[in-house]
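All remarks here apply to the structure that follows.
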Amino acid sequence: MTPSPRVPHADPQQVLQFLTTEHFTLQTAKAATVAEANGRSILFVATVSSAIVALAFIGQASALGPSFFLFGLVLFPFLFFLGFFTFERVLQVCIEDLVLSSGINRIRHYYMEVAPEI
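Under our numbering, the letters of the sequence shown match residues 6 to 123, in that order.
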């Protein structure tokens, strides 16, 4: 059997620098997930609001005639699919946010072990 290669021990100052950099990277990624979820939600709400206003204008112009119902039948499936895919992506982003938060908490736990007075 060959002996396993020795892994050099890192300087505690280097370890702290590595963890600080990783903590910053995780926080940045977490902020990006929150921004994406907010952006997608705002876009969906704005689209639904615009569709309702457009439907109201069509209803007023057509006196709730067949063009109103046709416009609604074309518009609502689109809004449903947009809402479904928005929900799916926001759910994925929230799960990613939980994973990133877990990484940040592991680093915080290490910080508390190294310096419990913090």
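Just so you know, even glycine gets a beta-carbon here, dropped at the ideal spot from N, CA and C.
Burial state of residue i (16 or more Cβ within 10 Å)
i, result
"Ala68", "exposed"
"Ala40", "exposed"
"Thr30", "exposed"
"Thr38", "buried"
"Leu103", "exposed"
"Leu105", "buried"
From the options, residue whose alpha carbon lies closest to that of residue i
i, options, result
"Val98", "Ser54, Phe81, Pro71, Asn43", "Asn43"
"Gly108", "Phe23, Ala15, Gln19, His28", "His28"
"Asn110", "Thr25, Asp16, Gln18", "Thr25"
"Gln32", "Pro71, Ile112, Val50", "Ile112"
Residues of its chain near residue i, where Cβ-Cβ distance is below 7 angstroms and the 5 sequence neighbours each way are ignored
i, result
"Ala34", "Leu105"
"Arg45", "Thr91, Arg94, Val95"
"Tyr115", "Leu24"
Contact belief for residue i with residue j at Cβ below 8 angstroms, rounded distance in angstroms
i, j, result
"Leu87", "Thr52", "6 angstroms"
"Leu21", "Ala56", "Not a contact, Cβ separation roughly 53 angstroms."
Close-in-space but distant-in-sequence residues of the same chain around residue i (CB under 6 angstroms, 5 per side omitted)
i, result
"Phe76", "Ile63"
Other residues of its chain near residue i: CB distance less than 8 angstroms, five sequence neighbours each side excluded
i, result
"Leu48", "Thr91"
Scan the region 33-89 and note each continuous beta strand (DSSP E) run of 3 residues or more that stays entirely inside, going in chain order. Segments of the beta strand (DSSP E) lying fully in the region 33-89: there are none.
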